[in-house]
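>
Protein chains: 2
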Amino acid sequence: MMNEAMSPDALEAALRDIGARRYHNLHPFHKLLHGGELNKGQVQAWALNRYCYQAHIPAKDATLMARLPTAALRREWRRRIVDHDGEAEGDGGIERWLGLCEGLGLDRGYVESMRGILPATRFAVEAYVHFVRDQPLLEAIASSLTELFSPTIISERVSGMLAGYDFVDEATLAYFNKRLTQAPRDSDFALDYVKRHAVRPDQQQAVLAALIFKCNVLWSQLDALYFAYVEPGMIPPDAFTPDGAR
Amino acid sequence: MMNEAMSPDALEAALRDIGARRYHNLHPFHKLLHGGELNKGQVQAWALNRYCYQAHIPAKDATLMARLPTAALRREWRRRIVDHDGEAEGDGGIERWLGLCEGLGLDRGYVESMRGILPATRFAVEAYVHFVRDQPLLEAIASSLTELFSPTIISERVSGMLAGYDFVDEATLAYFNKRLTQAPRDSDFALDYVKRHAVRPDQQQAVLAALIFKCNVLWSQLDALYFAYVEPGMIPPDAFTPDGAR
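Chains as they are written, first to last, in full-length UniProt numbering: chain A, 1 to 246; chain B, 1 to 246.
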């Protein structure tokens, strides 16, 4: 089976199957988050650590864009950076994520310093940046395809968090509204690219592996949050401590 | 205080203080391991995941050696690679670690494939390799200084594991005997290098930060083991399952 190429549609089905089994909407931490079962400190820990991921995404996209061969492809990918970094001060996805953190009562400077981030978060995020920098372009693009699955998790998240937490309101969650239109546009492009360029069996296996890798990047961030802030609740040295000295 | 340089001996004391507070002998997983309180599957998971670390150490050392400016320095550092890779087939620290894994009942090919490694292990190990490749040479060398603290943990480990587990014998633990002489020789050199070259306050702060980074690399590997195999025992997709299908 690994010796025969799949059709583009079969490849898409295999990619979507990975998401159905390994995307982080299935992780117990997200079930708690979306079900309103976390306390405010735990939600803060999630937002704080996720900031590290958000803040690195433009670096990931810039290193990918640097390897794209045409102006058309680079323009396509550049939109992602514009989405995150904005057109001006106070604009963009990172700014909106900081707004979410502030809405949860975290200090902006503390969040931006990343001093309280779990080491495991940082390692997973850097693994993603390095993967995109070092692996073949096709696999780097394929690793972005978790965005295929994000509209579902975003709508679950927004409705679940608004219903479950009195310390969360629509303004706090503004980040996610933008992503509902940005993510499908981005993933449509990446999926089309992958379906057109992953034609040999080895390329197809490589893009499937790249998507699994990326699912692991997201999954292990939630493992680390669960471990530190839910059960057994072992917070590593110097990491964020809810309501504690920092 | 950060504006004044420390004496070399004060710098050494500050480095040793980091070890006293953050070296992974303090981690609950190691307390369980050395106290004979893990079951065989949990000890297997430790050995399997630690193999990923062992197997990457020569890559870390080769990338560091590539940046050393003199033959004398490179020869000094080359000993580490010889220690790990051996002089011939069947020799070297990696081979002895595989012997430990086989002694615990793991299949050699399965271990070498790294298929069952926790993603968080891989991310932490790669963070270390990338740090050594990308950061200033002085900080790269300083990140090796966890070896200052390893003789203590090794003697605790060997005596504790021999006393605590009937499935462990001295032959299985042969890896550690070698390290008892190799680690002090290596760390003596690195400590001397750091004490002589980290003279400005900013350099001294950077080497302290490098050692904290490396402590986090080791610590987060044990966090991941604890999370997956002790409490709450949430094994990520495709990772090693004791006694289970793999």
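By construction, the Cβ of each residue, glycine as well, lies at the ideal position given by its N, Cα and C atoms.
No experiment lies behind these values; they were computed from the predicted model shown.
#1: Would you mind stating whether A:Pro119 and B:Trp219 have Cβ atoms separated by less than 8 Å?
#2: Take A:Pro58 and list the residues in its own chain whose beta-carbon comes closer than 6 Å to its own, dropping the five residues that flank it on each side.
#3: If you measure from the beta carbon of B:Trp46 to each beta carbon in chain D, is any gap under 8 Å?
#4: At 7 Å on the CB atoms, spell out the chain B contacts of A:Arg22, in chain order.
#5: Alpha carbon to alpha carbon, what distance is there between A:Arg74 and A:Ala66?
#6: Does A:Met161 come out as helix, strand or coil in the three-state DSSP assignment?
#7: Which one of B:Thr70, B:Asp243, B:Ala14 has the shortest CA to CA distance from B:Ala148?
#8: Can you tell me whether B:Arg115 is helix, strand or coil according to DSSP?
#9: Given that A:Trp219 touches chain B, what residues does it touch there, using C-beta distances under 8 Å?
#10: Classify B:Phe167: buried if its beta carbon has 16 or more other beta carbons within 10 angstroms, exposed otherwise.
#11: Under three-state DSSP, which class holds B:Ser187?
#12: Between B:Ala62 and B:Leu68, what straight-line distance do the alpha-carbon atoms span, to the nearest angstrom?
#13: How about the region 99 to 119 of chain B and the region 231 to 242 of chain A: do they share at least three Cβ pairs that are nearer than 8 Å?
#14: Could you say which of B:Arg200, B:Phe189, B:Pro184 lies nearest to B:Ala72 if we only look at CA atoms?
#15: Once you ignore the five residues that flank A:Asn3 on each side, which residues in its own chain have a CB closer than 7 Å to its CB?
#16: Cα separation between B:Gly109 and A:Arg196?
#17: Which bits of chain A does B:His130 rub up against, with CB to CB less than 8 Å?
#18: By how many angstroms is the C-alpha of B:Cys215 removed from the C-alpha of B:Pro151?
#19: Verify the CB distance criterion: does A:Asp202 have a CB-CB separation below 8 Å to chain B?
#20: Please classify A:Lys31: is it buried, with 16 or more other beta-carbons within 10 angstroms of its beta-carbon, or exposed?
#21: B:Val129 and B:Ala140: beta carbons closer than 8 Å?
#22: Determine the burial state of A:Leu180: buried for a count of at least 16 other Cβ atoms within 10 Å of its Cβ, exposed for fewer.
#23: Here's a check: name, in chain order, each residue in its chain whose Cβ is nearer than 6 Å to the Cβ of A:Met6, leaving out the five neighbours to either side.
#24: Run the CB neighbour count on A:Arg185, radius 10 Å, all protein chains shown included, and call it buried at 16 or more, exposed below.
#25: Verify whether the separation of the beta carbon atoms of B:His27 and B:Arg157 is less than 8 Å.
#26: Let me know the alpha helix (DSSP H) ranges lying completely inside the region 10 to 41 of chain B, each 4 residues or longer, listed in chain order.
#27: Using three-state DSSP, classify B:Pro201 as helix, strand or coil.
#28: Is the distance from the Cβ of B:His56 to the Cβ of B:Val125 below 8 Å?
#29: For a test of the three-state rule: what should DSSP assign to A:Met65, helix, strand or coil?
#30: Report the start-end ranges of each alpha helix (DSSP H) in the region 130 to 177 of chain B that is 4 residues or longer and not cut off at the edges.
#31: Going by C-alpha to C-alpha distance, which of A:Leu208, A:Leu48, A:Gln44, A:Gln182 sits closest to residue 284 of chain A?
#32: My guess is that B:Leu191 and B:Ile18 are in contact by the Cβ rule of under 8 Å, so how many angstroms apart are they, rounded?
#33: At least one CB of chain B closer than 8 Å to the CB of A:Ala14: is that the case?
#34: So A:Ala224 contacts chain B; which residues on that side make the cut at Cβ distance below 9 Å?
#35: Would you decide whether B:Asn49 is buried or exposed? Buried here means 16 or more other CB atoms lie within 10 Å of its CB.
Considering the structure as presented:
#1: Along the first sequence, one-based indexing puts residue 119 of chain A at 119. Along the second sequence, one-based indexing puts residue 219 of chain B at 219. Yes, the Cβ-Cβ distance between A:Pro119 and B:Trp219 is below 8 Å.
#2: Here residue 58 of chain A refers to the residue found at position 58 of the first sequence. Ile81, His84, Asp85, listed in sequence order.
#3: Structure shown: chain D not included; protein chains present are A and B.
#4: Reading the first sequence from its first residue, position 22 is the one you call residue 22 of chain A. Going along chain B in sequence order, the residues near A:Arg22 (Cβ under 7 Å) are Pro237.
#5: Within the first sequence, numbered from 1, the residue matching residue 66 of chain A stands at position 66. Within the first sequence, numbered from 1, the residue matching residue 74 of chain A stands at position 74. Cα to Cα, A:Ala66 sits roughly 8 Å from A:Arg74.
#6: Position 161 of the first sequence, counted from the first residue, corresponds to residue 161 of chain A. Secondary structure at A:Met161: helix, using DSSP grouped into helix, strand and coil.
#7: Start at 1 with the first residue of the second sequence, and residue 148 of chain B comes out as number 148. The sequence shown places Leu at residue 148 of chain B, not Ala. The shortest Cα separation from B:Leu148 among B:Thr70, B:Asp243, B:Ala14 belongs to B:Ala14.
#8: Numbered from its first residue, the second sequence carries residue 115 of chain B at position 115. Looking at B:Arg115 - three-state DSSP - the assignment turns out to be coil, as it is neither helix nor strand.
#9: For the purposes of this step, residue 219 of chain A is taken as the residue at position 219 of the first sequence. Residues of chain B passing the Cβ test: Pro119, Pro236, Pro237.
#10: Against the second sequence, residue 167 of chain B aligns to sequence position 167. B:Phe167 is exposed by the Cβ-count criterion.
#11: Locating residue 187 of chain B in the second sequence gives position 187, counting from the first residue. Correct three-state label for B:Ser187: helix.
#12: The residue you call residue 62 of chain B lines up with position 62 of the second sequence. The residue you call residue 68 of chain B lines up with position 68 of the second sequence. Roughly 10 Å between the two C-alpha positions.
#13: Using a Cβ-Cβ distance cut-off of 8 Å, the region 99 to 119 of chain B and the region 231 to 242 of chain A are not in contact, since fewer than three pairs of beta carbons, one from each stretch, lie closer than that value.
#14: The count along the second sequence starts at 1 and reaches residue 72 of chain B at position 72. The candidate whose alpha carbon is nearest that of B:Ala72 is B:Phe189.
#15: As a working mapping, residue 3 of chain A is identified with position 3 in the first sequence. Excluding residues up to 5 positions away in sequence, Pro201 lie with their Cβ nearer than 7 Å to the Cβ of A:Asn3 in the same chain.
#16: Here residue 109 of chain B refers to the residue found at position 109 of the second sequence. Here residue 196 of chain A refers to the residue found at position 196 of the first sequence. Straight-line Cα distance between these residues: approximately 36 Å.
#17: To locate residue 130 of chain B, count along the second sequence from 1; it is residue 130. Going along chain A in sequence order, the residues near B:His130 (Cβ under 8 Å) are Glu126, His130.
#18: For the purposes of this step, residue 151 of chain B is identified with residue 151 of the second sequence, where counting begins at 1. For the purposes of this step, residue 215 of chain B is identified with residue 215 of the second sequence, where counting begins at 1. Straight-line spacing of the CA atoms in B:Pro151 and B:Cys215 works out to 15 Å.
#19: Here residue 202 of chain A refers to the residue found at position 202 of the first sequence. Look at A:Asp202: its C-beta is not under 8 Å from any C-beta on chain B.
#20: Along the first sequence, one-based indexing puts residue 31 of chain A at 31. Exposed, by the Cβ-count rule.
#21: Your numbering for residue 129 of chain B matches position 129 in the second sequence. Your numbering for residue 140 of chain B matches position 140 in the second sequence. Their beta carbons are not under 8 Å apart, which means B:Val129 does not touch B:Ala140 by this criterion.
#22: Counting from 1 along the first sequence, the entry for residue 180 of chain A is found at position 180. It counts as exposed.
#23: As a working mapping, residue 6 of chain A is identified with position 6 in the first sequence. In chain order, Gln204 place their CB closer than 6 Å to the CB of A:Met6, counting only its own chain and leaving out the 5 sequence neighbours on each side.
#24: Residue mapping note: residue 185 of chain A aligns to position 185 of the first sequence, counting from 1. Counting Cβ neighbours within 10 Å, A:Arg185 comes out exposed, since fewer than 16 surround it.
#25: Within the second sequence, residue 27 of chain B is the residue found at index 27, counting from 1. Within the second sequence, residue 157 of chain B is the residue found at index 157, counting from 1. No, the Cβ-Cβ distance between B:His27 and B:Arg157 is not below 8 Å.
#26: Listed in chain order, they are 28 to 34.
#27: If you number the second sequence from 1, residue 201 of chain B lands on position 201. The three-state secondary structure of B:Pro201, taken from DSSP, is helix.
#28: As a position in the second sequence, residue 56 of chain B is number 56, starting the count at 1. As a position in the second sequence, residue 125 of chain B is number 125, starting the count at 1. Cβ distance < 8 Å, so B:His56 and B:Val125 count as in contact.
#29: Translated into positions along the first sequence, residue 65 of chain A becomes position 65. If DSSP states are grouped into helix, strand and coil, A:Met65 belongs with the helices.
#30: The qualifying runs are 137 to 142, 150 to 164.
#31: The question about residue 284 of chain A has no answer here: the residues shown for chain A are numbered 1 through 246.
#32: Counting from one through the second sequence, the residue named residue 191 of chain B turns up at place 191. Counting from one through the second sequence, the residue named residue 18 of chain B turns up at place 18. The C-beta separation of B:Leu191 from B:Ile18 comes to about 13 Å, leaving the pair out of contact by the 8 Å criterion.
#33: Within the first sequence, numbered from 1, the residue matching residue 14 of chain A stands at position 14. Closer than 8 Å: no.
#34: By 1-based counting over the first sequence, the position of residue 224 of chain A is 224. Neighbours of A:Ala224 on chain B, chain order: Ala120, Ser220, Asp223, Ala224, Phe227.
#35: Looking up residue 49 of chain B in the second sequence gives position 49. Answer is buried; the Cβ neighbour count reaches 16.
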